[in-house]
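One structure is given here, and the rest of the page talks about it.
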Amino acid sequence: MGSIYRTLSPRALRARVLRGAVLDGSVRRDIVLALLAVWLIALSYGAIAVASGFPLWFPAVQSILVVAGASEFLFVGIVAAGGNPLAAALAGLLVNARHLPYGLALPDVLGSGWRRILGAHVMNDESVVFALAQDDLPRKRAAFWACGLGVLICWPGGAILGALIGTAVHDTNALGLDAMFPAVILALIVPALRDPPTRRAALAAAAIALAATPWLPPGLPVLMGLAGLLLVIPRRPAPIRKQPAP
Amino acid sequence: MKDTTLLIAGMAALSAGTLAFRLSGPLLRERLAFPPWAEKLLEAAAVVLLAALVATTGLTQGHAFVGPSRPVGVLVAGILAWRKAPFLVVVLAAAATTAILRLLGVP
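Listed in order, the protein sequences are those of chains A and B.
For the first sequence, counting from 1, position 236 maps to 236 in the working numbering; every step adds exactly one.
Basically the working numbering = 1-based index in the second sequence + 246.
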């Protein structure tokens, strides 16, 4: 409503970035839909945890402290099968090791101080992929935070609700919810896959990870997929070109 | 659960270790200067990791093939996404395809 000054002041700009106002409507809608999918997957996580004999507080607290779905499913699965919780934590850490290369791939979207710690905590598959898909740094930052904070709310929120109704829902797989997580991630990386070298590397990574799955503990096959990057490297012409562009 | 203390220890280890992974990327990046081609490569690395994640979560459960209904759902999602269908359509089509196949008795 206000004056030009109000609209252009750094504080107002920052507020706009935080509210996601720098993002296009379609991006904002996609983030909301991705969050809806996260929420549905969290429902099944909470329900499964309680159905496997975990106390109600467990999926609630773990979903807030870890915020990484695949590792939490794995943890619950291993402990429910009689495994040691510390071994389950190790397996979960292996699955979460991919967050290190994620952090290397992200440009400076986190900020500093407490913001960096919170930002690191909300770094997940969805927030990383939305950040990478944007063109410039303000948009990357806005998409990262909007999606990351959204997941921080939706994942525990869904897990708690799922745990509460857990005993009622016995078979979440009947609803096809387990297909949603890979579908969300795939839909988000499709634009990057239109670049042929990236697509070749991604297909190689998928093949390597699948070939390794029967033999290696969960998490490691995904990291081995990084070898697919070798297909991208030969493309760069940088060392040959000596002349600056006109 | 039999041992709450052990359960809490496991949860603490998983959450602390995960935060350490998440923090070390940005911290390393701050200390090292990357040339533009390396930045491109790192970005491709994230896409490559995500693709491997799609493959393993879409096709396998534990160490084995999950059965056709989930991969077919993900494949339908992939085709729709490639043809630029709206995000909601893509994700719901995946769940619906898988659910319908399971209803028909496909594992």
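Here a beta-carbon is modelled for each residue, glycine too, at the ideal position from N, C-alpha and C.
Since the model is a prediction, treat every value here as computed from it, not as a measurement.
In the structure shown, the three-state DSSP call for phenylalanine 73/A is helix. Contacts with chain A at 9 Å (Cβ-Cβ) include alanine 345/B. Contact with chain A is found for glycine 263/B, since one of that chain's Cβ atoms lies less than 9 Å from the residue's Cβ.
Taking methionine 180/A as reference, the option from Val352/B, Leu350/B, Thr344/B, Arg348/B with the minimal CA-CA separation is Thr344/B. Contacts between arginine 348/B and chain A, judged by CB atoms closer than 8 Å, involve Asn173, Ala174, Gly176 in chain order. For the alpha helix (DSSP H) assignment, the uninterrupted runs of no fewer than 4 residues enclosed by the region 209–237 of chain A are, from N- to C-terminal side, 220–224. By the C-beta criterion, the region 251–270 of chain B is judged not to be in contact with the region 135–155 of chain A, since fewer than 3 inter-stretch pairs fall below 8 Å. Contact between the region 270–289 of chain B and the region 101–120 of chain A is established, with three or more Cβ pairs separated by less than 8 Å.
Each residue's CA atom was taken as its position, placing proline 317/B and glycine 113/A some 42 Å apart. Residues Gly119 of the same chain have their beta carbon placed closer than 7 Å to that of glycine 111/A, with the five preceding and five following residues left out of the count.
The bridge partners DSSP lists for phenylalanine 311/B are Thr306/B. Using a Cβ distance threshold of 9 Å, alanine 68/A and threonine 303/B do not count as a contacting pair.
In the three-state DSSP reduction, serine 44/A falls in the helix class (H, G or I). C-alpha of isoleucine 78/A to C-alpha of valine 109/A: approximately 35 Å in a straight line. Cβ-Cβ separation between alanine 211/A and alanine 327/B: approximately 24 Å, too far for a contact (criterion under 8 Å). Apart from the 5 residues on each side of it in sequence, isoleucine 189/A sits with its Cβ closer than 8 Å to the Cβ of Val129, Ala202 in its chain, given in chain order. Put simply, the backbone Cα of valine 76/A is about 39 Å away from that of proline 196/A.
The residue among Leu94/A, Val232/A, Val61/A with its C-alpha nearest the C-alpha of leucine 220/A is Leu94/A. Contact check for serine 127/A against asparagine 96/A fails: the beta carbons are separated by 9 Å or more.
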